[in-house]
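Student: Can you keep this structure in mind? I'll have questions shortly.
Residue numbers (our numbering): 3 to 335.
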């Protein structure tokens, strides 16, 4: 019996499940958790869903989003833990230590950098989103889709493919999306809410972020930096920086986009986006992970040292020394 079959049997036979997603959750994480959670509940299972942080505002409209728990995780001996869309245990944030104690841990993911930390691991790196894996699991379990499950899975797949424009989009991705659209799913409404609509505070932060723009390596690398002080001035939360990094990659001539988020004097979160190069390899050098065109990491060190190290590694990746051309100097404010 292969690993997929064993996981299907566990989902059929067990009674108690605890699902958990990763820090700074995206649409794939949230959509996959909601879809799997509802499907198991519809089978009569006892299900709890945990998220290490708040649900980003743009996903709060999804049915079931109010069911996410953010603290107080406890695992009884008979509970099956399921980590969804999470490449490593550290990405589970405050829940990582509890999850490590699970007697049965299912690891369901599509990241190429997944560390296979589960007692059972269903890792499909060819899937454009973890939502695709969940879609097929529900088919294996013969669980009928509902409108809300279909909507959650559509959000999962559409967000991790950038509304089906990233090169991880496959014919299978479109076949799954087509099946989901047979339900009461409205792609225009979902696209507007998730990709287009933003609060004013987002644009106030974006203005500051873009003012920090630096172009390096003959304008092949674009860098922006965001600080907690910027968040305070604009009235935004850290969840709202999602997507800002894409502005760096989308500049004509830029190959690699980098965003630094300075969480504290000793902690920096870094995001990478590219057009053709493998940034997951870059993230892995700093104990991060992700996909070939979108990856990230978190480094515990002062921002200046982190930035210098990242640029050095980017220089190696691009095989070209970086000569700085800065639109604005970073002041740390």
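For every residue, glycine included, the Cβ atom is placed at its ideal position computed from N, Cα and C.
Only a predicted model underlies this, so the values are computations on that prediction, with no experimental measurement involved.
(1) Quick check: what's the CA-CA separation for residue 216 versus residue 162?
(2) Do residue 236 and residue 207 have their C-beta atoms within less than 7 Å of each other?
(3) Can you give me the C-alpha to C-alpha distance between residue 200 and residue 295, rounded to a whole angstrom?
(4) Kindly list the residues whose CB is nearer than 6 Å to the CB of residue 196, restricted to its own chain and excluding five residues on each side of it in sequence; keep chain order.
(5) Would you mind stating whether residue 10 and residue 142 have Cβ atoms separated by less than 7 Å?
(6) How many Å lie between residue 125 and residue 298 at the Cα?
(7) Measuring alpha carbon to alpha carbon, tell me which of 320, 302 and 78 ends up nearest residue 104.
(8) Hey, could you find the ends of the alpha helix (DSSP H) residue 218 is sitting in?
(9) Residues in the same chain with beta-carbon distance under 8 Å from residue 252, minus the five sequence neighbours each way, listed in chain order, please.
(10) So, do the stretch 167-174 and the stretch 50-57 have three or more beta carbon pairs nearer to each other than 8 Å?
(11) What is the DSSP secondary structure of residue 263, reduced to helix, strand or coil?
(12) Please list, in chain order, all residues of the same chain as residue 280 whose beta carbon is under 6 Å from its beta carbon, the five residues on each side excluded.
(13) Under the rule that 16 or more other beta-carbon atoms within 10 Å means buried, what is residue 267, buried or exposed?
(14) Nearest-angstrom Cα distance between residue 192 and residue 160?
(15) Is the stretch 110-123 in contact with the stretch 151-160, if contact means three or more CB pairs nearer than 8 Å?
(16) So the beta strand (DSSP E) residue 235 belongs to, where does it begin and stop?
(17) Does DSSP classify residue 276 as helix, strand or coil?
(18) Tell me the DSSP secondary structure of residue 166 in three-state form.
(19) If you run the structure through DSSP and keep just helix, strand and coil, what is residue 207?
(20) Excluding the 5 residues flanking residue 283 on each side, which residues of the same chain have their C-beta closer than 7 Å to its C-beta?
(21) Let me make sure I understand the geometry here. Which of 221, 301, 129 and 144 has the alpha-carbon closest to that of residue 255?
(22) Three-state secondary structure (DSSP) at residue 6?
(23) Helix, strand or coil for residue 22, going by three-state DSSP, please let me know.
(24) Pick helix, strand or coil for residue 332, following the three-state DSSP scheme.
(25) Between the Cα of residue 80 and those of 13, 261 and 274, spot the shortest distance and give me the residue it belongs to.
(26) Can you list, in chain order, the residues of its chain whose CB lies under 6 Å from that of residue 288, leaving out five sequence neighbours each side?
(27) Which partner residues of residue 11 appear in the DSSP bridge assignment?
(28) Quick check on the burial criterion: 16 or more other C-beta atoms within 10 angstroms. Buried or exposed for residue 145?
(29) In three-state terms, what does DSSP make of residue 127?
(30) Between the alpha carbons of residue 198 and residue 43, how many angstroms are there, rounded?
(31) Rounding to the nearest angstrom, what Cα-Cα distance links residue 203 and residue 230 in this structure?
(32) Given residue 224, which residues of its chain have a CB within under 6 Å of its CB, disregarding the five upstream and five downstream residues?
(33) Kindly indicate which residue of 316, 285 and 317 has the alpha-carbon position closest to the one of residue 115.
Tutor: Answer, in terms of the structure:
(1) Here the alpha carbons of residue 162 and residue 216 stand approximately 27 Å from one another.
(2) In contact: residue 236 and residue 207 (Cβ atoms closer than 7 Å).
(3) Using only the alpha carbons, I get a separation of about 24 Å.
(4) 60
(5) For residue 10 and residue 142, yes; Cβs fall inside 7 Å.
(6) 19 Å
(7) 78
(8) Under the DSSP assignment, residue 218 falls outside any alpha helix (DSSP H), being part of the beta strand (DSSP E) whose first and last residues are 216-218.
(9) Apart from sequence neighbours up to five positions away, the residues of its chain that approach residue 252 with a beta-carbon distance below 8 Å are 259, ordered along the chain.
(10) no
(11) strand
(12) For residue 280, the CB contacts under 6 Å within the same chain, skipping 5 residues up- and downstream, are 294 in chain order.
(13) exposed
(14) Going by the C-alpha atoms only, they are around 9 Å apart.
(15) No: fewer than three Cβ pairs fall under 8 Å.
(16) Residue 235 -> not in any beta strand (DSSP E); alpha helix (DSSP H) instead, spanning 230-236.
(17) strand
(18) coil
(19) helix
(20) none
(21) Just measuring C-alpha positions, the residue of 221, 301, 129 and 144 sitting nearest residue 255 is 221.
(22) helix
(23) strand
(24) With a pLDDT of only 42 at residue 332, under the threshold of 50, the placement of this residue in the model should not be trusted; the figure read from the coordinates follows. The answer is coil: DSSP assigns residue 332 none of H, G, I, E or B.
(25) 13
(26) 299 and 301
(27) Note: residue 11 sits in no beta bridge, so no partner.
(28) buried
(29) coil
(30) Rounded to whole angstroms, residue 198 and residue 43 show a C-alpha spacing of 32 Å.
(31) 14 Å
(32) 217, 250, 253, 256 and 259
(33) 285
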